[in-house]
Structure formats: C-alpha cells, structure tokens
Amino acid sequence: MGEAAGGQPGVGRVLVVIPTYNEADNVADVVVRVRRAVPAVDVLVADDNSPDGTGTLAEAMAATDGQVHVLHRPGKQGLGAAYLAGFGWARQHGYDAVVEMDADGSHAPEDLPALLAAARDADVVIGSRWVGGARVVNWPWRRLLLSRCGNLYARMALGMPVSDATGGFRVYRLSALRAMRLESVCSQGYSFQVELSRLAHRAGVRIVEVPITFAERERGASKMSPLIVAEALWRITTWGLRDRRPRRWRRGHDRWP
Ligand SMILES: Nc1nc2c(ncn2[C@@H]2O[C@H](COP(=O)(O)OP(=O)(O)OP(=O)(O)O)[C@@H](O)[C@H]2O)c(=O)[nH]1
Ligand SMILES: [Mg+2]
0 MGEAAGGQPG
10 VGRVLVVIPT
20 YNEADNVADV
30 VVRVRRAVPA
40 VDVLVADDNS
50 PDGTGTLAEA
60 MAATDGQVHV
70 LHRPGKQGLG
80 AAYLAGFGWA
90 RQHGYDAVVE
100 MDADGSHAPE
110 DLPALLAAAR
120 DADVVIGSRW
130 VGGARVVNWP
140 WRRLLLSRCG
150 NLYARMALGM
160 PVSDATGGFR
170 VYRLSALRAM
180 RLESVCSQGY
190 SFQVELSRLA
200 HRAGVRIVEV
210 PITFAERERG
220 ASKMSPLIVA
230 EALWRITTWG
240 LRDRRPRRWR
250 RGHDRWP
C-alpha cells in the first residue's frame with residue numbers, strides 16, 4: 000500500500016473513505032486533493048453503482064495510483080450503508096484509522112492534516128462547523144438554520160457535548176469503532192453521523208472537535224431530501240426517549256457497554 004505502510008505519526012495507517020453517488024464532476028478533484036494534502040493516506044471510494052459513471056472514473060484513478068481503491072456496491076443504499084462497508088474494508092485491510100469525507104468539495108482535504116494531528120490524542124475527531132475558528136461558506140440560510148437547529152436538538156435530546164453531531168468530516172480510530180458496537184447502527188441517511196456521535200459518546204471514547212472550513216457544493220446534485228431530514232428527526236427523538244428510560248427497561252444492545 001505504498002507510503003501508507005509507515006502511516007501517520009501517532010495514528011497509524013489511515014484510510015479516507017469517500018462515499019459517492021453521482022459525483023462524476025467531483026470525484027477526481029477530491030481524490031487528487033486528498034492525496035496531495037496528506038500523501039501517506041490511502042483512499043477508498045465507496046460507490047453505489049452511480050449511473051453517471053463515478054465508479055468508472057474512480058477505477059481509472061485506482062489504476063494509476065496504488066493508494067486509491069474502489070469499493071463497487073450494487074446500488075444506492077444510503078450514506079450509512081456505504082460507510083459501514085468502507086469501515087469493514089478498512090478493518091479487513093489492517094488500517095488503524097478511517098476518515099469520513101464527502102466527495103462534493105464541502106470538506107476541504109486541506110483541513111485533513113489538522114484533523115489527523117488532533118487524532119494523535121483522540122479516538123474520534125469531528126471536523127466541526129460550529130466551534131470557534133470554523134467557517135461556513137456559501138451555505139443558504141435555510142441550510143444554516145437546519146444545521147444549527149438540528150445540532151441543538153441532537154445535543155439536547157441526547158445529552159452529548161458535541162457541537163456538530165451531523166457533520167460528516169471525521170476521523171475514527173478502528174479501536175473506537177470496535178468499542179462503539181456498530182452492529183446496532185440503523186441509519187440510512189445523514190442521521191448516521193448523529194448515530195455514530197451518540198455511540199461514541201456512550202462508549203466513552205475521547206472525542207475532540209476541530210474547526211473546519213465548510214463550503215456549499217459547487218458541482219453536482221445534492222442527495223439531501225425531506226425524507227433524510229425526517230429520518231434524522233425521528234431517530235434522534237427515539238434515541239432521546241430511549242436514553243432517558245431506566246436502564247432495566249432497555250433492550251439488550253442498548254445497555255451501556
Ligand atoms: N455511496 C453512496 N454515497 C452517497 C449516497 N448518498 C449520498 N452519498 C454521498 O455522500 C456525500 C454527501 O452527500 P450530499 O448529497 O453532499 O449530502 P449533503 O452534504 O448532506 O447535502 P448537500 O449539503 O446538499 O451537499 C456525497 O459524497 C454523496 O455522493 C448513497 O446512497 N450512497
Ligand atoms: Mg454535500
């Protein structure tokens with residue numbers, strides 16, 4: 000696996016997992032920028048058989064760069080399923096940490112060195128839009144409001160000291176993912192990020208937030224939908240109610256580890 004064999008100091012071998020669905024206009028740019036920003040990391044594009052040929056483009060990059068890999072999945076199954084498959088691939092291939100990152104340019108690969116530096120003293124690093132020093136560029140006010148309110152609700156309902164529980168630019172140590180018991184994960188859309196924040200908090204792993212510059216996607220179509228927002232609201236409410244119940248009422252996998 001090329002330079003990645005040596006890995007990141009204090010973190011080990013890192014795999015950047017980039018889920019894609021119809022990101023033909025973005026995938027090459029983001030992969031090149033990741034490889035340039037941190038040459039030692041490997042990249043896995045987890046593509047859900049995008050009709051626009053994103054998977055084929057990623058395959059072409061993999062053919063010329065031994066640190067780029069592609070996981071072809073049979074069809075669109077949601078962000079959560081693509082990430083779980085990517086995490087499984089990382090475990091099988093002996094990585095020590097995974098990075099979650101969108102393909103649409105919203106997450107700047109140039110912020111990756113700061114996230115990986117923070118991972119030296121943490122199990123989970125969240126690239127945060129809502130801590131001091133962060134910037135959100137070109138987001139319409141409706142999206143800003145949705146993100147601020149969604150995060151406020153998640154923090155209150157779940158009692159988590161996390162400012163950006165919905166953000167999808169993160170580093171997880173594999174040891175943390177093991178402690179978080181991902182077998183119980185049920186989210187399809189971006190409530191996946193909230194669900195993993197909750198599992199990390201409950202597992203008691205070290206979580207730190209690092210400010211990032213987040214930008215609105217410039218090319219390609221968003222996969223955000225009212226259904227995804229509804230799923231997040233519904234799940235956060237359910238988890239919040241469940242977490243408040245006395246421990247003896249909870250079913251098996253919901254007990255504290
Ligand atoms: N493999 C896979 N990737 C997906 C799926 N849905 C979304 N993605 C990818 O997940 C990342 C985030 O999706 P976006 O559409 O940008 O969603 P978002 O960032 O919440 O919404 P915007 O702010 O509107 O961009 C992108 O890289 C998408 O291509 C899916 O079903 N399967
Ligand atoms: Mg996006």
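In terms of numbering that gives the first Met the number 0, the sequence shown has 205 at position 206, counting the first letter as 1, and numbering is strictly consecutive.
Ideal placement from N, C-alpha and C gives every residue a C-beta, glycine not left out.
Cβ pair residue i, residue j closer than 8 Å
i    : j    : result
A96  : L143 : no
A153 : T165 : yes
G158 : Q192 : no
D101 : S127 : no
V207 : A113 : no
V184 : G79  : yes
T19  : A59  : no
A202 : S105 : no
V33  : V16  : no
L43  : G87  : no
A81  : D47  : yes
Residue i CB to nearest heavy atom of ligand 4 below 7 Å
i   : result
L78 : By its list of ligands, the structure shown excludes ligand 4, since it contains just ligand 1 and ligand 2.
Residue closest to residue i, alpha-carbon to alpha-carbon, out of the options
i    : options                  : result
D122 : E58, L195 and G188       : L195
H71  : I206, V193, L56 and S105 : L56
R35  : D46, Q66, V44 and Y20    : Q66
E74  : F86, A116, G149 and T53  : For the sequence presented, residue 74 should be read as Gly rather than Glu. Per the Cα distances, T53.
R119 : R197, A229, V170 and P18 : V170
V10  : A156, G93 and T236       : G93
A107 : D28, M223 and L226       : D28
S221 : Y189, A199 and H200      : Y189
V228 : Y82, N150 and Q91        : N150
R177 : V136, Q91 and W138       : Q91
D41  : A89, A81, L83 and D47    : A89
Neighbourhood of residue i by C-beta distance below 8 Å, restricted to the same chain and skipping five residues each side
i    : result
G6   : R12, V13, A39 and D95
E2   : Because E2 sits at a pLDDT of 41, beneath the cut-off of 50, its placement in the model cannot be relied upon, and the point is left open.
H252 : Reliability of the predicted coordinates at H252 is poor, the pLDDT of 45 falling under 50, and the value obtained from them is presented with this limitation in mind. Excluding positions up to five away in sequence, the list reads R180, E182 and S183.
G132 : P210
Neighbourhood of residue i by C-beta distance below 7 Å, restricted to the same chain and skipping five residues each side
i    : result
D103 : E22, N25, R216 and G219
P50  : N21
A62  : none
Cβ-based neighbour list, residue i, same chain, cut-off 6 Å, excluding 5 preceding and 5 following
i    : result
R134 : T212
R205 : A121 and D122
L198 : M179
Beta strand (DSSP E) segments (min. 3 residues) lying fully within the stretch 32–58: You should have 41–46.
Ranges of the beta strand (DSSP E) found wholly within the stretch 105–184, counting only runs of at least 3: Here the runs fully enclosed are 123–127, 134–136 and 169–172.
Unbroken stretches of the beta strand (DSSP E), 3 residues or longer, contained in the stretch 55–90: Fully enclosed beta strand (DSSP E) runs of 3 or longer: 67–71.
Minimum length 3: unbroken beta strand (DSSP E) runs contained in the stretch 188–220: Within the stretch 188–220, the complete beta strand (DSSP E) runs of at least 3 residues are 206–210 and 212–214.
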